[in-house]
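In this note's numbering, the protein residues as written are 4 to 265.
This is the structure:
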């Protein structure tokens, strides 16, 4: 039985990912339209009717824009922390489908879900998923990788981590006001390519791991740049991307390949 992640969309215009086993299908975030979710799931051999639940990382619009239609159409339960409850009730119209998390691990069928808080400008959470001794961790929208977050992400077979921006590109971008730049680079903002690469040199210490660089800024980053910075940092630690580990970059528009551990 395989344990999988497939990124349906990742970036400032919308986020969604599928965590799955043969018997369990979890949608992490619904930041694209219900129709897009349906189409993207179909493209990788799944249907929205198969979903067992939706997990929400936080209530920025690029993570919840499709939640109302999706939940009403398929009567799905939405798991989130109590800090997000009021916002989701205002969107969904009631709390009947919302399950509030208390910080403890919980089960969705055969997958164990372990939430942990991230540093961001609103309450935001990462998740580690466990099945048959394997671990998949997703942590995007995070301004700083603390020792606590590092401890929660370690030993992941598959790790999806934010690599949002190149600092030089961001700071020279005249479209962005200074206060927005300051927010992005703050500890409550988004993780830069360099900070992501530094975190991965501490988290990826052995062969056979798989890493997804996610939530790239279309204005202040490129997939090639994000990949190169992390690959070079890992190479300096004796780990070669493409040989010792699998390193890939999630796209805003294209569905990723399905990454699996058995």
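Just so it is clear, CB atoms sit at the ideal spot from N, CA and C, and this is done for glycine as well.
In this text the structure is predicted, and so the values were computed from the model without any measurement.
Just mark residue 178 as buried or exposed, buried being the case when its beta carbon has 16 or more other beta carbons within 10 Å.
exposed
With 16 as the cutoff for other CB atoms within 10 Å, does residue 104 come out buried or exposed?
By the 10 Å Cβ count, residue 104 comes out buried.
Where residue 74 and residue 34 are concerned, what is the direct C-alpha to C-alpha distance, given to the nearest angstrom?
13 angstroms
Would you kindly check if the distance between the Cβ of residue 79 and the Cβ of residue 44 is under 8 angstroms?
no
Among 164, 257, 61, which one has its Cα closest to the Cα of residue 230?
Considering only alpha carbons, the answer is 164.
On the criterion of 16 or more Cβ atoms from any shown chain inside 10 Å, does residue 183 qualify as buried, or is it exposed?
exposed
When burial is assigned at 16 or more other CB atoms within 10 Å of the CB, is residue 26 buried or exposed?
Exposed.
Here's the rule I'm using: 16 or more other beta-carbon atoms within 10 Å means buried, otherwise exposed. How should residue 171 be labelled?
exposed
What are the start and end residues of the alpha helix (DSSP H) that includes residue 42?
Here the alpha helix (DSSP H) through residue 42 covers 37-46.
What do you reckon, are the CB atoms on residue 49 and residue 84 nearer than 8 angstroms?
no
Under 6 angstroms Cβ to Cβ from residue 72, same chain only, skipping five residues before and after it: list those, please.
37
Counting only the same chain and skipping the five closest in sequence on each side, list residues whose C-beta sits under 6 angstroms from that of residue 57.
30, 33, 79, 81
Could you say if the region 207-219 and the region 241-253 meet the contact criterion of at least three C-beta pairs nearer than 8 angstroms?
yes
Between the alpha carbons of residue 247 and residue 238, how many angstroms are there, rounded?
10 angstroms
Quick check on the burial criterion: 16 or more other C-beta atoms within 10 angstroms. Buried or exposed for residue 190?
With fewer than 16 other Cβ atoms inside 10 Å of its own Cβ, residue 190 counts as exposed.
In chain order, what residues of the same chain lie with their CB nearer than 7 angstroms to the CB of residue 311, ignoring the 5 residues before and after it?
In the structure displayed, the chain extends from 4 to 265; residue 311 sits before or after that span and is not available.
Taking a contact to mean a Cβ-Cβ separation below 8 angstroms, would you say residue 9 touches residue 258 in this structure?
Taking 8 angstroms as the Cβ cut-off, residue 9 and residue 258 qualify as a contacting pair.
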